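A.B. asks: Can you keep this structure in mind? I'll have questions shortly.
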């Protein structure tokens with residue numbers, strides 16, 4: 001009788017263990033799916049391809065684009081902030097020259113592929129110059145000579161927001 005009681009108890013414990021294990025695995029899978037859906041990255045293929053081409057961090061590029069435009073492309077207007085990464089014509093032309101992009105015209109920034117291409121190059125350019133991630137973020141925010149980000153408090157607020165986005169995208173790009 002003791003043996004039968006022990007068998008029954010082990011069976012119940014096994015069932016409880018399996019139910020708990022299934023619940024844990026199921027919630028983990030749901031959380032991963034939620035994170036993937038919540039932080040679905042528009043233009044993911046382009047971000048990964050150009051980041052790989054230039055050896056730059058795709059999560060940083062995605063975080064900067066997300067901060068600037070939330071992946072909403074801005075149509076070209078002369079001498080305005082254009083494209084996914086909001087570049088002025090003069091800034092874009094300087095980087096196009098550094099890249100050796102001979103056929104570049106500022107209106108090309110309206111094409112998300114071209115804007116992402118330039119953004120990946122810019123990050124790589126600053127990384128090769130020995131800048132830290134924080135310095136790259138500052139350089140990116142100042143790329144159009146926007147005086148607002150020269151103030152430390154304004155920059156720190158923007159940097160913290162970008163850093164939160166970066167951490168989320170970093171998990172997705174692993």
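Residue numbers (full-length UniProt numbering): 1 to 174. Glycine included, each C-beta is placed from N, C-alpha and C at the ideal position. Note that the structure is a prediction, hence the values are computed from the model and not measured.
Can you name the residues that DSSP bridges to residue 82?
C.D. replies: Walking along the chain shown from the start, residue 82 turns up at place 82. 87, per the DSSP bridge assignment.
A.B. asks: Since residue 75 and residue 110 are thought to touch, with beta carbons under 8 Å apart, how far apart are those beta carbons, to the nearest angstrom?
C.D. replies: Indexing the chain shown from 1 puts residue 75 at position 75. Indexing the chain shown from 1 puts residue 110 at position 110. 5 Å between Cβ atoms; contact.
A.B. asks: Curious, which full-length alpha helix (DSSP H) runs of at least 4 residues does the UniProt domain "Transglycosylase SLT" (48–131) contain?
C.D. replies: Within the UniProt domain "Transglycosylase SLT" (48–131), the complete alpha helix (DSSP H) runs of at least 4 residues are 58–69, 89–99, 112–128.
A.B. asks: Between the alpha carbons of residue 172 and residue 43, how many angstroms are there, rounded?
C.D. replies: One-based indexing of the chain shown puts residue 172 at position 172. One-based indexing of the chain shown puts residue 43 at position 43. Residue 172 and residue 43: Cα-Cα distance of roughly 13 Å.
A.B. asks: Compute the Euclidean distance between the alpha carbons of residue 132 and residue 126, then round it to the nearest angstrom.
C.D. replies: By one-based count along the chain shown, residue 132 stands at place 132. By one-based count along the chain shown, residue 126 stands at place 126. Distance between the alpha carbons of residue 132 and residue 126 is about 8 Å.
A.B. asks: Determine the direct distance from the alpha carbon of residue 67 to that of residue 169, and round the result to whole angstroms.
C.D. replies: Start at 1 with the first residue of the chain shown, and residue 169 comes out as number 169. Start at 1 with the first residue of the chain shown, and residue 67 comes out as number 67. Whole-angstrom Cα-Cα distance: 12 Å.
A.B. asks: Does the beta-carbon distance from residue 51 to residue 120 come in below 7 Å?
C.D. replies: Within the chain shown, the letter at position 51 stands for residue 51. Within the chain shown, the letter at position 120 stands for residue 120. Yes, they are a contact pair.
A.B. asks: State the start and end residues of the unbroken alpha helix (DSSP H) segment that holds residue 138.
C.D. replies: As a working note, residue 138 is residue 138 in the chain shown. 133–142 is the extent of the alpha helix (DSSP H) around residue 138.
A.B. asks: Measure the beta-carbon distance from residue 118 to residue 85 and round it to whole angstroms, keeping in mind my assumption that it falls under 8 Å.
C.D. replies: For the purposes of this step, residue 118 is taken as residue 118 along the chain shown, with counting starting at 1. For the purposes of this step, residue 85 is taken as residue 85 along the chain shown, with counting starting at 1. Confirmed, Cβ separation roughly 7 Å.
A.B. asks: For residue 58, I'd like the list of residues in its chain whose CB is within less than 6 Å of its CB, leaving aside the five on either flank, ordered along the chain.
C.D. replies: Locating residue 58 in the chain shown gives position 58, where the first residue counts as 1. Around residue 58: 47, 48, 51, 173.
A.B. asks: Within the same chain, show all residues whose beta-carbon is closer than 8 Å to that of residue 36, passing over the 5 residues directly before and after it, in chain order.
C.D. replies: As a working mapping, residue 36 is identified with position 36 in the chain shown. Confidence at residue 36 is low in this model, with a pLDDT of 45, below 50, so the placement of that residue is unreliable and no value is reported for it.
A.B. asks: So is residue 137 buried or exposed if we call it buried at 16+ other beta carbons inside 10 Å?
C.D. replies: The count along the chain shown starts at 1 and reaches residue 137 at position 137. Looking at its Cβ environment, which holds 16 or more other Cβ atoms inside 10 Å, residue 137 is buried.
A.B. asks: Beta-carbon separation of residue 122 and residue 155 under 7 Å?
C.D. replies: Here residue 122 refers to the residue found at position 122 of the chain shown. Here residue 155 refers to the residue found at position 155 of the chain shown. Cβ distance not < 7 Å, so residue 122 and residue 155 don't count as in contact.
A.B. asks: For residue 163, which of 54, 93, 16, 62 has the nearest alpha-carbon?
C.D. replies: For the purposes of this step, residue 163 is identified with residue 163 of the chain shown, where counting begins at 1. For residue 163, the nearest C-alpha among the options comes from 62.
A.B. asks: Compare the Cα-Cα distances from residue 128 to each of 55, 41, 16, 82 and report the closest residue.
C.D. replies: Taking the first residue of the chain shown as position 1, residue 128 is located at position 128. The residue with the shortest Cα to Cα distance from residue 128 is 55.
A.B. asks: Near residue 175, which residues of its chain fall below 6 Å by C-beta distance, leaving aside the five closest residues on each side in sequence?
C.D. replies: It is not possible to answer for residue 175, since the shown part of the chain is limited to 1 through 174.
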